[in-house]
Every structure is written in structure tokens, then in C-alpha cells.
Amino acid sequence: MKENNGKNIMELDFYDSEEFMLKTNRRDFLKIIGGGIVVFFAVEDAAEAQQRGDRRLPEDVNAFLKIGEDGRVACTTGKIEMGQGIITSLAQMLADELDVSLDSVDMIMGDTDLCPWDSGTHGSRSIRFFGPPLRAAAAEARSILLEMAAEHLKISRDRLKTQNGVVYDAANDQTKVTYAQLTKGKKIVKRLDQTAVQKTASQFKIIGTPQRKTNAEELVTGKGKFAGDIQFPGMLYARILRPPSHLAILKSVDVSAAEKMEGVRVLREDDFIAVLAGSPDRADAALREIKAEYGAPDANLDDENIFDHLLKNASGGNPSDQGGDLAEGEKNSAEIIEKTYLNSYVAHAPLEPHVTTVCVEGDRITFWSSTQSPFRLKDAVVDILNAPADQVRVITPYVGSGFGGKRSRNAIEAAKILKLAGKSVSSFQLAGTREEEFFYDTFRPAAIVKIRAGINDKGRISFWDYGVYYAGQRGANQFYDIPHHKTAVYGRGDAHPFDTGAWRAPANNTNTFARESHIDLLASAAGIDPLEFRFMNLKDERMIRVLKAAADQFNWTPAKSPSGRGYGISLGIDSGTYVAHMAEVKVDKESGEVQVVRVVCAQDMGLSINPEGARMQIEGCITMGLGYALTEEIHFRNGEIFDLNFNSYEIPRFSWLPKIETVIIDDKDAPAQGGGEPAIICMGAVISNAIYDATGARVLQLPMTPERIQKTMSL
Amino acid sequence: MKRSIQFNLNGKTQILTVEESRKLLWVIRSDLGLTGCKYGCGRGYCGACTVLVNNRTVRSCIYPISFVDGKEVVTIEGLAKNGKLHPLQKAFVDHDASQCGYCSPGMILTAYTLLLNNKRPSYDEIIHHMDKNLCRCGSHTRIVRAIQAAAREMNTGELR
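These protein sequence lines are chains C and U, in that order. Residues 333 to 1047 (the numbering used here) make up the first sequence, in order. Residues 76 to 235 (the numbering used here) make up the second sequence, in order.
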């Protein structure tokens, strides 16, 4: 480094860093970095790299950590915090490798000016793919500090130890120097070369220990800011005119009454009509003054006939997995069972609807937006505004949950408003209403699974022919020991009457519901206890171990289903993590009402970085999963969405709460796997199987509403 | 119709001239700048906008500002005293009762009125009292634990 030449006699090799820094044309990048030690690193995630394409800011690096002159450690990342807890667990990984206290770490997240490019926060990828290079970078930084300390203390490097941000002489604790002292006045930039030695499990002090959320106090005092909490003096509030249906076409509109309202501006470009006013409720009032007429669409799709429509329009069907010979398997079968499983459209329904606050200062435009993908959102906004990319900044404050649904639509509309309003507006907020949140949600797709499978006379599964339609491939491949099997994935695309998208553990909720329901049917046909049947047909040691752990916790005793006890089992794999659920339900045979009494989840996620955070996610998955299992579905007809608020779209509440027990199989030497999604995938089947065990009724459609359960019981 | 409304907000007197039908949520958030109470559904279904009016919970998204005239309003920002967290806030932190945290202010204020009137609520009483507050992340078990812990701490405090 030029600044340090002759002053800081470092023998470390920084030559490529200088060149790297010059190549980045990011505004104020050097200023932002300031003094201290900075280690850049790249995330080794193939999917990430592919999406990153030829982006250059800054090159192939997508994060850095910095040890500041004040001894505080900053980690910048394009990932965002929406309740999943990476603000804590990523900091744990960094703090442990660097040997600093957890509370000296600042996570700087989702800011397109401060953080290098990132594809978004989804797929339980943050710990799996971002965690390892973050640890490596921290180890690298610690190595640099040790080198500097050896120089400073004039002691050989192998005599030094680090603890809590201080380098000590291992033989004499009085001889020491803090990271802050070492960093003072330095400017060292290094790119991770992956050679620094990382800690092994026995050396962990912070990784693997339960930690409370580091931002908890902000959240309970109202100080934590969400995008809608960002305010500016004189800020305006926008609302947009919405059609009554996804198919509706605007025929005529009269905005004159709204335009006459004091302090109200109406903006229009073709069908896009927005109002701006001094308060959110004033904007609502203005919107109500707009008289619009829409054309009636000609269509006949609804939530009942959608499944036939989807099957008719399905394409694809290439096997995602196959082995053996299905015909041979059929020949060896003592009994064959064939069923079709359905699930309806499901909403994300985050408690915070989408919101964007925009502020214009000179030629700088800043969007505070609730999104899981700030960099993609920025691209979309830059495109609409036709502005130079370095004039637009996207900041993601805390996001009020996402589950795959927090996207760019709202910010894109805010950009359109900004474009129409021009320079006359310096700041405004576009907050979605709950009704808009439901209407424009990218629903979890309605989907169909067809399974034909057999058992031989020894209770072994003889063949497995599996086709999933519209859900997707995740979780479709089965993991049982079946000699003849095929899995095919059909028909994703534009057959849906509205947008669909990723919903917490996309596809896997659908696939696990179907697979584990069908496994239970086979067990029942074989006259074998469903736990025993699974053990008989499993070879995967990891799965056997997690299932045993669940059975021990649940205290499962063998019985053929339906036993009348109301016990269910489900297994699954998601994001590299194995889960086994057991549940107990009570079914009111008159009404079909289900009360889930108890759910046990055993989870093998490899190394668990923050066991408390992991438990929180499991509990969240189980609780949220009750909804898609029992009540959540979008009713619609001809593009009109009937469920637009929580009065008709029922999400889980306190009175639904089962006793939840979690078992984490902590495999400290295994790589850390995903934690935000896996435990939700079993919720459909574990409850379905428990309902069957209680009543003998096999419900084949999610959600398992009292009506559907009653109807199945009466068959 | 615009009228003058006087009320106490987190210990301070507020005098406003406002349209009397305006909803309390928007006045608190956009006029007075306290953003701890959240918009969640706009119809009183979810409880994210909960504030206290004379120590009772109201859903501020459907509560007209004129109704607070002469009353005491407390938002989440007014719960900590002299920089010290209320036992409920502390218990929410200790028990990791927030995931995304969007529902937390409404949950805490709703639990506050439970403990005000029932110093030793049973599990079932907690469930019943909290049932109309929605949380999408599934923090329910921890919220219940936090309320139980706060009740214990507040009772021990009294005994001293």
C-alpha cells in the first residue's frame, strides 16, 4: 500500500490489492473503507457466480470484513436480515475465527453503496455459502494481525495467542497489543487467498454456542427501522389505483375529484395512476375519489378447476432421477397404490407489506426498500429511471419477514412514480396495503403430485413412479432404498392465472407432503408400523440417525396405522439439512377440526452455528407450517382474489400452538447446512399422517380444512 | 371536520388540530414521527398497530384520533423508563421472542395490559389474551415464555 510504504514495514504481499482497488470504479469506495485492515473475499457458490455474470463491482469479490482503527469489526454483505437471524450467526462465525467478542462485530447488510454485489437472501444459502469464505477471511485477518503483532512486540509469531481482540505473548499475558492498536493509522487491503488456517470444532468459542439475536433490543423498543419507518420532513405518501382483478382492463377513469383535493397530486401514465399526498390516509382518501371503470374479463378459472387446467397445460417431464426398471418393479409387487396429491395457492403474508421510501438529494437517489434482493432491485430501478447506476443507492433496513415473497415490484412502482413526479418531489413513500400485498403476492403455486408405487410381500418398496406438476424439483427426488424408481418434473411456467414464486422451501412442501403421505399408505397396506416401515426402507445413515432421534424424543411405540392415537411421521431433506418430524393430533370427528397437540422435530444441519437461532427457526417453521397444512389457500375466480386480508386468510395464531420439541443433532465436524426452511417441509405430511392415524381418513389435498377432512371421513 | 385534540403521548402533552376521523396510527406515525407502531392489515385484524389508550389496547389503524382527546396514549417508545427496558421488553430480548420483530411492539403492548390486570396469568390465559395478535414468523412459543418470565419478574419485584 502506498500510504504505508516505509511506515509499516509489513512483509505481507499486498500487490494485487492495489490494482484491485484501482479497478473498482465504485464511488467513494476507498473513503468508505477508511483506515484499518480490510479483507475481501469471494463466495464460492456456483449458482451465485452464474447469476453474478460479468458484474464488476468489485470484480468477483462479494464481501469484505474490516477491522477498524477503533477495534470494531465490520462485515459488509449484500445479504439482508428478515428475522432468519444471520445478523447474529454470521457475526458468530466471524467473531470466533477472528477472536473478537460478538458484540464488537457490526453487520452492514443490504446496502448497495457499501456492500458488494449479491444475488439475494434466499434458499437457506447464507450460512452454507457465505459462511465458509467469511470464516476464511476472518482467519486471514487474524493471521495478518498476528504478523503485525510479532513485529510490534518483537516476539516470534508462534509464541503469540489471540483472545477477545488482543494479541498476547503466550508465555506472559502482560506482553500484549490490541487489534485496535495494531490497526491504528494503517490501511491494509488484502484479498483472501484461502491459506489462513481456520479453527477446528474443538477450538470454537462462539460458533456452536447459543446466542440471542444481536438486534433484539432494537426490535422491542421500536428503534429498529423497517423501510416504512424511514421519514423525511415534508415527505409525501403515494398510493396506486388498482384493478379489481388480474384480468381487468381499465376502460375509463375520472381523476378530476382527486386532483381538486388540497395537497394532492395525481400522476398518470396510461393505466398507471398514482396519487401523492401529505399523509398515508390522505392518499387513501384521494384514491377513493378516483372513479374507474374496468372491463369484465372472459375466463373461467377458479380455485376448484385450476388443477385440471394445470394438468392440461403441463409440459416437461424429463426424469430428474431414475434407477432400475419400473416394469420389473411392478412385477415384483404384492400391492400397488396410486394416488394424486394436490395443494392450493398459498400466500407469503409477511406481517410487513412491501414498502419503499425514496429520497432525492441532488443527483443522488436513495431507495429504502423491503426486499430480499437489494441489488436486483437496484438494477430494476436504474432501468426504469434510466439513471446512471452510481447515482442510485438501495438500502435494506430490517425486513419484516419475507419467506421468498419480498421482491422488487413495489420499488419498481416507486421508481415509476418518481419518474412521473420529476424533480418536484424530494421524498415520498409507497407503502403497500394488506390488500395489495395479497393481490400482488407471488403465490406458492398450486401443484399436483401423482405417485404410483408398490410393496413386495416383505414390506419393501418395490417401485416408485413419481411425477410432480408445477411445484418444482426441490425435494422431489426420494431418498428411500427403492430398486426401481423414477421422478419426473412437469410444467412450470405461465399456466397460472397470476404470479407465482418461491415460498419458504419452494417445491419441497408439496413434494414432502406427497411422498411422505404415500410412504404412510404403503406402510399401512403392508400392515407395518410407519416408523418401522421407514427404517426397513431406508439406507441413508444420516436419515436413519435423525429419524431415531425424533422417535426417541417422541417416545414412539409401534402400532399399525390407523391406530386411533393420532400420531404421524414425516421425513425430508432441504438445503443440505435432514429433518424428521413426529406429531400428535386430535380430530373432532363431528366438525373435522384438527388440534395439533405436539410436534417433535429432529434436525441434522451439520454444524449448528447458533443452536438457539436454529431452534427458533425450527419452531417458526413448525408454527408457520400449521397454516399451509390446515387453513391457508387463496380462493379466486377469473383473476379476482377473494382472500385479501387476515379475516378470511387464516394464518396460525396462539391458540393453534402445539407443544414443540426440537432436537438438534449437532455434528460439529460437518459443514453447516441450511436452517431457515427445512423444518417447514414436513408439516403437511406429518399432520396428514397423524389425521389418518386418528381417523383412517387419508386427506389428499392441502390445506386439510375441516370440510375436506369431513368429506374424506365420510368416503 | 378539523378540530383541536389534546392528549398525552408517552408522558408529553400533544395539542393537534387534525381531521377528527383520521386514524390514530397515521397521526402517530406520519405526523408525530413515532414509527414503533406498525401498519399490518389496516382493518384491526393483526395487532401490529397496537397502542395503549388509558391502559387499554387499541388497534390504532382503525381508531379515530378524536377518541384520544383528553386521554393518555402509550406507544412502544414510551414503555422503557429512564433508559431501562420494561420487564416485558427485557423478557422478549432474553427469550428471543422476536424474529423479524415487526409484530413485537404490538405483542409487547398487548401483553402489558394482560399483566396489568392479571399478575399471574395461566398459560391458557396468555394464549387467550394474545390470540388476536398475529405473528407470521412463528415466534409464538417464545412470546408466551417471555410473558411468563416477565410476569415472574414483575411479581418478584413487587415482593421486594
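Built from N, CA and C at the ideal position, the CB exists for glycine as well.
In the structure shown, Trp988/C adopts helical secondary structure according to DSSP, grouped into three states. Annotation for Gln416/C: Gly1008 place their beta carbon closer than 6 Å to its own, counting only its chain and skipping 5 residues before and after. Sequence-distant Cβ neighbours of Gln164/U in its own chain, meaning closer than 7 Å and more than five residues away, are Leu154, Ala155 and Ile183. Residue pairing for Gln495/C: DSSP places it in a beta bridge opposite Val498/C.
The region 670 to 687 of chain C makes contact with the region 758 to 776 of chain C, as at least three CB pairs between them are under 8 Å. According to the DSSP assignment, Cys953/C belongs to the alpha helix (DSSP H) that extends over Pro943 to Leu962. Looking at the DSSP output, Ser79/U sits in a beta bridge with Thr92/U. With respect to the C-alpha of Val995/C, the residue from Tyr960/C, His913/C and Gln1005/C having the closest C-alpha is His913/C. Rounded to whole angstroms, Arg847/C and His203/U show a C-alpha spacing of 36 Å. The residues Gly368, Val370 and Ala406, in chain order, have a CB closer than 6 Å to that of Lys398/C in the same chain once the five nearest residues on each side in sequence are set aside. Taking a contact to require three or more Cβ pairs closer than 8 Å, the region 577 to 595 of chain C and the region 190 to 209 of chain U do not qualify as touching. Every alpha helix (DSSP H) stretch that sits fully inside the region 861 to 901 of chain C and reaches 4 residues is listed by chain position as 862 to 869 and 873 to 886. Relative to the Cα of Gly924/C, the nearest Cα in the group Val437/C, Leu422/C, Ala1026/C and Thr832/C belongs to Ala1026/C. Closer than 8 Å at the C-beta level to chain C, one finds these residues of the region 190 to 216 of chain U: Ile201, Ile202, His203, Met205, Asp206, Lys207, Asn208, Leu209, Cys210, Arg211, Cys212, Gly213, Ser214, His215 and Thr216.
Listed by position along chain U, the residues whose Cβ is nearer than 9 Å to that of Glu951/C are Gly213, Ser214, His215, Thr216 and Arg217. One thing to note: Val926/C has its Cβ within 9 Å of the Cβ of Asp920/C. In chain order, Asn394, Thr409, Gly410, Lys411 and Phe707 place their CB closer than 7 Å to the CB of Asp450/C, counting only its own chain and leaving out the 5 sequence neighbours on each side. C-alpha of Pro1003/C to C-alpha of Ile538/C: approximately 16 Å in a straight line.
By alpha-carbon distance to Gly108/U, the top candidate from Gly452/C, Ala743/C, Asp561/C and Tyr500/C is Asp561/C.
Per DSSP, the unbroken beta strand (DSSP E) holding Gln761/C starts and ends at Ser759 to Ala763. Across the structure, Thr532/C and Gly403/C are spaced so that their CA atoms are roughly 25 Å apart. Between Ala606/C and chain U, the shortest Cβ-Cβ separation is not below 9 Å.
Thr231/U sits in a helix when the DSSP states are folded into three classes. Within chain C, the C-beta atoms nearer than 9 Å to that of Glu152/U come from Thr553, Gly554 and Lys555, in chain order. Within the model, the alpha-carbon separation for Ile669/C versus Ile814/C is close to 15 Å. Residue-level contact check: Gly900/C does not touch chain U, since none of the beta carbons of chain U fall below 9 Å from its beta carbon.
Taking every protein chain shown into account, the CB of Ile997/C has 16 or more other CB atoms within 10 angstroms, so this residue is buried. By the Cβ-count criterion, Phe167/U is buried, with 16 or more other Cβ atoms from all chains shown falling within 10 Å of its own Cβ. 9 Å or more divides the Cβ of Thr832/C from the Cβ of Gly807/C.
For Leu582/C, the enclosing beta strand (DSSP E) starts and ends at Ile581 to Asp586. Gly896/C is the residue among Gly896/C, Gly1016/C and Arg1040/C whose C-alpha sits nearest the C-alpha of Gly1028/C. In the DSSP assignment, Arg614/C forms no beta bridge with any residue.
For Arg227/U, not one C-beta of chain C is nearer than 9 Å to its own C-beta. Taking CB atoms only, Val731/C has a neighbour in chain U less than 9 Å away.
No Cβ-Cβ contact shorter than 9 Å links Phe760/C with Ile744/C. In terms of Cα proximity to Pro984/C, the closest of Gly1006/C, Tyr960/C, Lys710/C and Lys1000/C is Tyr960/C.
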